[in-house]
Amino acid sequence: MRISTSWMYQQQLNTMLDQQSALAQTQNEISTGNAINVASDNPTGAAQVVQLSHILAQNTQYGSNINAANTRLSTESTTLTTVNNLLSSVNDIALGAINGAMSSADLNNMATQLTQYRDQLVQLANTTDGNGQALFAGTSTTNTPFVSNTSTGAVTYAGNDQQSFTAIGSGLQVASSDSGSDIFMNLAAGNGSFVASATSSNTGTLVVGSNSVTNTAAWSAATASGPVNDTITFGANGTYSVTDAAGNPVTDSSGNPVTGSYTDGGSISFNGITINMSGTPNAGDTVKVQSDNASNTQDVFTTLNNMITALQSGGSSTSITNTLNRQLESLNQSMNAVSNAQVSVGSRIDTLQQQSSAYSDLSITYKSALSDVQNVDMASAISNLSLQSTALQASQQVFAKIQGTSLFDYLR
17 MRISTSWMYQ QQLNTMLDQQ SALAQTQNEI STGNAINVAS DNPTGAAQVV QLSHILAQNT
77 QYGSNINAAN TRLSTESTTL TTVNNLLSSV NDIALGAING AMSSADLNNM ATQLTQYRDQ
137 LVQLANTTDG NGQALFAGTS TTNTPFVSNT STGAVTYAGN DQQSFTAIGS GLQVASSDSG
197 SDIFMNLAAG NGSFVASATS SNTGTLVVGS NSVTNTAAWS AATASGPVND TITFGANGTY
257 SVTDAAGNPV TDSSGNPVTG SYTDGGSISF NGITINMSGT PNAGDTVKVQ SDNASNTQDV
317 FTTLNNMITA LQSGGSSTSI TNTLNRQLES LNQSMNAVSN AQVSVGSRID TLQQQSSAYS
377 DLSITYKSAL SDVQNVDMAS AISNLSLQST ALQASQQVFA KIQGTSLFDY LR
C-alpha cells in the first residue's frame with residue numbers, strides 16, 4: 017500500500033480540524049454555560065429544554081397574574097376595612113341621636129357629621145387600584161362607578177353586576193374584582209326578612225323597635241304565595257287588627273283573624289314574626305309590614321340620606337326615633353354585606369398566596385431539571401478544554417515535523 021504525500025497531509029488536516037471543532041465546542045459551552053446551544057448538540061435534551069422553558073415561562077406569567085390580583089384584592093380588603101369602620105361610626109351617631117334630650121342644634125351637628133361620612137363613603141366606593149381601575153365597578157371600565165347628585169345626595173351606580181377573573185393556573189381562576197351593587201346598592205331592607213315601620217301620619221307616640229322572624233316555617237308559609245304587605249291598625253285602648261294589601265283580615269294557623277290588645281313596651285306576633293314596640297298608639301295609627309323582595313331594597317347611601325333628613329327635619333322625637341330605628345336596620349344589612357365581601361376577599365387572597373407558594377416550589381424543581389439538562393459541568397468542561405488544547409498542540413507539532421521531512425533527509 018502506497019501512502020501519498022497528499023493523503024498524509026489531508027489526514028493530518030482532518031485530524032486537526034476535528035480537534036479544533038471539538039475545542040471550539042467546548043470553549044462555547046464554557047463561555048455560554050450551556051451544554052446545549054443548538055438542537056444538534058443533543059436533540060433529545062434540546063426537546064426537554066424547550067418543554068421545561070415553556071413550563072417555567074407559563075409559571076412566571078401565572079406568578080405575575082397572582083401578584084397583580086393580590087395587589088388589587090389587598091387594596092380592596094383595606095378599603096372594605098375602612099368602609100366598615102366608617103359605617104360603625106355612623107351606627108354610633110344614629111344610636112346617640114335616639115335620645116329625646118337632644119336639642120335641634122345637636123341633631124343638626126349629627127346630620128353634618130353623617131353628611132361628611134356619606135361623601136367619604138362615596139369616595140371609598142370609587143377607590144381605584146394601581147392601574148386606575150375602579151375596585152367596585154364589576155367588569156366595567158368606568159373609573160367612577162358611584163355618581164353622587166350634589167343637590168340631593170342620592171347616589172347612582174354606573175358599574176355592572178359582574179366580576180372579572182384572573183387566571184392563576186391551568187383551569188384555575190380567581191375573581192379579582194367585585195360588583196359595587198352587591199356591596200353598596202342592592203341590599204335587603206329592614207332586618208333582611210321584612211320591614212316593620214310606623215306610618216308617618218301616626219299621631220300617637222308608638223315607636224317600632226327591634227323585630228325578627230321567630231318561626232321560620234310560619235313565615236315561609238305566609239310568603240309562599242308572594243310578598244307580604246300587611247297593615248296593623250290600632251283602635252281604642254291599644255286594640256289592633258291585621259289586614260293584607262287587599263284589606264282582608266290576616267288569619268292565624270287556625271283560620272282566625274289576627275287581633276289583640278297592645279300595651280306600652282309589648283310586642284305583636286303573627287305569621288311567624290314578632291314586632292317589639294314602645295309608646296302608646298292613638299286610634300287609627302298603623303304599622304306597615306312588608307317582606308323583602310327584589311323591589312324592596314335600599315342602598316347604603318339612601319340609608320345615610322334618610323338619617324340626615326330625619327335629623328334635619330325638626331320633627332317629633334317619636335318620628336325621628338322611628339326613622340332612625342328603620343335606618344339602623346338597613347345600616348346593619350350594609351355592614352353585613354361589607355363583612356361578607358371582606359370574608360370573600362380574604363379567602364381569595366389566601367388562595368393566591370397558596371398558589372404562589374406552590375409555583376415557587378415548582379419553579380425550583382423545574383429550574384433544577386432544566387439545569388441538569390442544559391447547563392454544562394464546568395469542572396468537566398474545563399478539564400476537557402485543557403486536554404483537547406494539549407492534543408491539538410501535539411497534532412500540530414507532529415505535523416510540523418512530518419511535513420518538514422523528505423527522502424533526502426533519510427539518505428543523508
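According to the working numbering, the sequence shown is numbered sequentially starting from 17.
Beta carbons: idealized from backbone N, C-alpha and C, even for Gly.
Three-state secondary structure assigned by DSSP to residue i
i      : result
Asn125 : helix
Gln328 : helix
Ala212 : strand
Thr219 : coil
Ser90  : helix
Ser193 : coil
Ala299 : coil
Other residues of its chain near residue i: CB distance less than 8 Å, five sequence neighbours each side excluded
i      : result
Asn245 : Asp260, Ala261, Lys304, Val305, Gln306, Ser307
Thr144 : Ala150, Leu151, Asn159
Ser209 : Ser228, Val229, Trp235, Ile289, Ser307, Asp308
Thr458 : The structure shown has nothing for residue 458, since the chain only spans 17 to 428.
Ser283 : Thr290, Ile291, Asn292, Met293
Leu140 : Thr95, Thr98, Val99, Leu102
Ile114 : Ile336, Thr337, Leu340, Asn341
Gly276 : Thr255, Tyr256, Ile284
Gln328 : Leu123, Asn124, Ala127
Ala84  : Thr182, Ser192
Asn253 : Ser277
Thr215 : Asp301, Thr302, Val303, Lys304
Beta-carbon separation (whole angstroms), residue i vs residue j, contact threshold 8 Å
i      : j      : result
Val190 : Thr367 : 6 Å
Leu347 : Leu137 : Not quite, the Cβ-Cβ distance comes to about 11 Å (not below 8 Å), so this is no contact.
Ser192 : Phe181 : 7 Å
Ala205 : Gln314 : 5 Å
Ala153 : Gly196 : 6 Å
Ala110 : Met323 : 6 Å
Ser350 : Leu130 : That belief does not hold up - the Cβ atoms of Ser350 and Leu130 are roughly 14 Å apart, past 8 Å.
Gly185 : Tyr78  : 6 Å
Thr247 : Asp301 : That pair is no contact at about 11 Å.
Gly330 : Ser119 : No, Gly330 and Ser119 are not in contact; Cβ-Cβ is about 11 Å, not under 8 Å.
Gly263 : Ala299 : That belief does not hold up - the Cβ atoms of Gly263 and Ala299 are roughly 18 Å apart, past 8 Å.
Ser156 : Gly175 : 4 Å
Ser93  : Gly271 : Incorrect: roughly 53 Å between the Cβ atoms, too far for contact.
Residues that residue i bridges to, as DSSP identifies them
i      : result
Val224 : Met293
Ala204 : Thr313
Gln306 : Val211, Asn245
Other residues of its chain near residue i: CB distance less than 7 Å, five sequence neighbours each side excluded
i      : result
Asp280 : Ser294, Gly295, Thr296
Ala357 : Leu96, Asp194, Ile199
Ser105 : Tyr133
Ser90  : Ile365
Phe286 : Val258, Val266, Asp268, Val274
Tyr173 : Pro161, Phe162, Gly196, Ser197, Met201
Ser226 : Asn292
Gln343 : Ala110, Thr319, Asn322, Met323
Same chain only: Cβ atoms within 6 Å of residue i, ignoring 5 sequence neighbours per side
i      : result
Thr339 : Ala326
Glu345 : Gly206, Asn207
Phe317 : Val171
Asn231 : Gly288
Thr221 : Gly295, Thr296, Thr334
Gln178 : Gly154, Thr155
At which residue ranges does the segment 229 to 291 contain complete alpha helix (DSSP H) runs of 4 or more residues, listed in the order of the chain?
232 to 239
Where are the beta strand (DSSP E) runs, 3 residues long or more, that stay fully inside the segment 110 to 191, in chain order?
162 to 164, 171 to 173, 181 to 185, 188 to 191
Just to confirm the assignment: which complete beta strand (DSSP E) runs, minimum length 3, are found wholly within the segment 321 to 372?
none
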